[in-house]
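Have a look at the structure below before the remarks.
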Amino acid sequence: PLRVPGRMDTEGIVRWMQRRASPSVTLLQDTDTAAAFVSSQDLVVVGFFKDLGSEVAQVFYEVASEVVDVPFGVAEAAELFQAYGLSADTICLFKKVRGWWWGVMGPSRSLLLSPHCPLPQQFDEGRTDFPVDPAQGLDAAKLTRLLHVHSLELVMEFTNETSDQIFSAKIPHHMLLFLNKSSSAQLALRDGFRAAAGTFRGEVLFVVVDVIGYGADVLPFFGLTPADAPTLRLVKMENNRKYQMDQDAFSDTAIRTFIQAVLDGKVKPRLLSAEPPEDWDTRPVKVLVGKTFEQVAFDETKNVFVKFYAPWCSHCQAMAAAWEKLGERYKDHEDIVIAELDATANELENITINGFPTLHYFPAGPGRKMVEYKSARDVETFSKFLENGGTLPEEPPAVSHVPPRQGQGPPPT
Numbered sequence: 001p002l003r004v005p006g007r008m009d010t011e012g013i014v015r016w017m018q019r020r021a022s023p024s025v026t027l028l029q030d031t032d033t034a035a036a037f038v039s040s041q042d043l044v045v046v047g048f049f050k051d052l053g054s055e056v057a058q059v060f061y062e063v064a065s066e067v068v069d070v071p072f073g074v075a076e077a078a079e080l081f082q083a084y085g086l087s088a089d090t091i092c093l094f095k096k097v098r099g100w101w102w103g104v105m106g107p108s109r110s111l112l113l114s115p116h117c118p119l120p121q122q123f124d125e126g127r128t129d130f131p132v133d134p135a136q137g138l139d140a141a142k143l144t145r146l147l148h149v150h151s152l153e154l155v156m157e158f159t160n161e162t163s164d165q166i167f168s169a170k171i172p173h174h175m176l177l178f179l180n181k182s183s184s185a186q187l188a189l190r191d192g193f194r195a196a197a198g199t200f201r202g203e204v205l206f207v208v209v210d211v212i213g214y215g216a217d218v219l220p221f222f223g224l225t226p227a228d229a230p231t232l233r234l235v236k237m238e239n240n241r242k243y244q245m246d247q248d249a250f251s252d253t254a255i256r257t258f259i260q261a262v263l264d265g266k267v268k269p270r271l272l273s274a275e276p277p278e279d280w281d282t283r284p285v286k287v288l289v290g291k292t293f294e295q296v297a298f299d300e301t302k303n304v305f306v307k308f309y310a311p312w313c314s315h316c317q318a319m320a321a322a323w324e325k326l327g328e329r330y331k332d333h334e335d336i337v338i339a340e341l342d343a344t345a346n347e348l349e350n351i352t353i354n355g356f357p358t359l360h361y362f363p364a365g366p367g368r369k370m371v372e373y374k375s376a377r378d379v380e381t382f383s384k385f386l387e388n389g390g391t392l393p394e395e396p397p398a399v400s401h402v403p404p405r406q407g408q409g410p411p412p413t
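The numbers in full-length UniProt numbering rise by one with no breaks, and the one at position 118 of the sequence shown is 118.
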């Protein structure tokens, strides 16, 4: 079986099947066919190779069969090398340049669109070249990543159409500018934002989020409201750590300086924390927040069992009653604490929650130990786990016999 790369929706799968069923690369034989191909789509890739039978050309064909969102062409003719100013094997990514986005560069380049209407892709450069190193050849994974990174706009707008691109970009950091697109003063802040973006291409993806448009839904994840705009956040994608300037400054110099400081490890993340309810520690299930987590979870006199949940998570909702019953069962135990923490509203410095619900057990004693619970989510199994000191007792394996085939005797006993 073959793995389907890229988009897993109907359109993405159909594109992949069409690419696999037909030639994945178009042969460009002269300047007319090359010019028509280059202008046929917003993005096209052309591999210029002196020898189409070479090893590097074969790697190019391999990449073309997997990257289905962009048309691929190849050229071998000397006149095409000359026409495109090339003298050696090179892969070129051609992009259509439409001018500035959202129409704010003056009357001659403005676009008469609704303030909340996203534009087609906008590129700052018409072509990006990737020369082939004769000594190292061509690596399929590296080429795929380069094409993917440079196929993205230098600055993306977060919309329904681009969200999949943004989250699947595999760029380790995202720099976000939250603004209200109905405010001309806030729109002007994009100039400095864009000017800083080129320095970090491939390392940091720059994204503009409209706080009263499509981006409104992501504001709670950052602990923001529309009134907080304009503001900047940098996100480390591997653990969702968020970084914030001490005071927002929107010049390209300030943005570059801030990002470099984060990349160099000189800035600590800003961790979200809700305010603890007044009765947080009197309930059978203690309600933890970021501010109170350390003092409870790492209390060396207590064994603390914590549910990390999201309010919208159906699995969390399904086990909520069992967790409450567990709290009731152990509410009078001096050395056992049953607790919960809303991981969408609270962040912890050294613990990353990647799914919901996540259950962690913090045993009493020194060493700041943590045990992840991965068994059945019912009261009796939880209790066995707690009574056994943070592990489940070994149970004898279930032994079963496969019935014999017809004509055979019973298995030996």
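Ideal Cβ positions, reconstructed from N, Cα and C, are used throughout, including at glycine.
Just so it is clear, the structure is predicted and the values come from calculations on it, not from any experiment.
For residue i, three-class secondary structure by DSSP
{"i": "M237", "result": "coil"}
{"i": "T391", "result": "coil"}
{"i": "D279", "result": "coil"}
{"i": "I338", "result": "strand"}
{"i": "V44", "result": "strand"}
{"i": "V67", "result": "coil"}
{"i": "D248", "result": "coil"}
{"i": "D51", "result": "coil"}
{"i": "L177", "result": "strand"}
{"i": "K242", "result": "strand"}
{"i": "V285", "result": "coil"}
{"i": "K307", "result": "strand"}
{"i": "D210", "result": "strand"}
{"i": "A135", "result": "coil"}
{"i": "S114", "result": "Interpretation of S114 is limited by its pLDDT of 38, a score under 50 that renders its predicted location unreliable; the figure taken from the coordinates is listed afterwards. Looking at S114 - three-state DSSP - the assignment turns out to be coil, as it is neither helix nor strand."}
{"i": "G365", "result": "coil"}
{"i": "G215", "result": "helix"}
{"i": "A75", "result": "strand"}
{"i": "V262", "result": "helix"}
{"i": "V267", "result": "coil"}
{"i": "T358", "result": "strand"}
Residue i versus residue j - alpha carbon distance
{"i": "R194", "j": "L359", "result": "42 Å"}
{"i": "residue 474", "j": "T282", "result": "The displayed coordinates of the chain run from 1 to 413. Any statement about residue 474 would go beyond what the structure contains."}
{"i": "V304", "j": "F72", "result": "57 Å"}
{"i": "T344", "j": "A310", "result": "6 Å"}
{"i": "F385", "j": "P393", "result": "8 Å"}
{"i": "V45", "j": "D299", "result": "59 Å"}
{"i": "M156", "j": "M175", "result": "10 Å"}
{"i": "F60", "j": "G198", "result": "26 Å"}
{"i": "D89", "j": "V56", "result": "9 Å"}
{"i": "I338", "j": "K374", "result": "16 Å"}
{"i": "V289", "j": "T231", "result": "25 Å"}
{"i": "Q317", "j": "P226", "result": "29 Å"}
{"i": "P276", "j": "N160", "result": "35 Å"}
{"i": "P284", "j": "S273", "result": "22 Å"}
{"i": "D30", "j": "F37", "result": "11 Å"}
{"i": "G213", "j": "N180", "result": "8 Å"}
{"i": "L154", "j": "P357", "result": "36 Å"}
{"i": "Q122", "j": "H150", "result": "A caution first: Q122 carries a pLDDT of 48, below 50, which makes its placement in the model unreliable, though a value can still be read off. Distance between the alpha carbons of Q122 and H150: 12 Å."}
{"i": "E324", "j": "M237", "result": "33 Å"}
Boundaries (first-last residue) of the beta strand (DSSP E) holding residue i
{"i": "E372", "result": "371–373"}
{"i": "K142", "result": "Where K142 is concerned, there is no enclosing beta strand (DSSP E), although the alpha helix (DSSP H) it sits in stretches over 140–151."}
{"i": "D129", "result": "127–131"}
{"i": "T90", "result": "90–95"}
{"i": "L27", "result": "25–28"}
{"i": "E157", "result": "155–157"}
Unbroken alpha helix (DSSP H) run spanning residue i, endpoints
{"i": "I166", "result": "163–167"}
{"i": "M319", "result": "314–330"}
{"i": "F293", "result": "290–297"}
{"i": "residue 436", "result": "Shown here, the chain extends from 1 to 413; a query on residue 436 therefore has no answer."}
{"i": "A195", "result": "190–197"}
{"i": "T352", "result": "That residue, T352, is in no alpha helix (DSSP H); it is neither H nor E in DSSP."}
{"i": "F37", "result": "31–38"}
{"i": "S184", "result": "184–187"}
Test item: CB-CB of residue i and residue j under 9 Å
{"i": "V74", "j": "L27", "result": "yes"}
{"i": "L219", "j": "F167", "result": "no"}
{"i": "R233", "j": "A196", "result": "no"}
{"i": "F48", "j": "L93", "result": "no"}
{"i": "G389", "j": "P363", "result": "yes"}
{"i": "E347", "j": "L263", "result": "no"}
{"i": "L341", "j": "F293", "result": "yes"}
{"i": "A188", "j": "V211", "result": "no"}
{"i": "A297", "j": "V287", "result": "no"}
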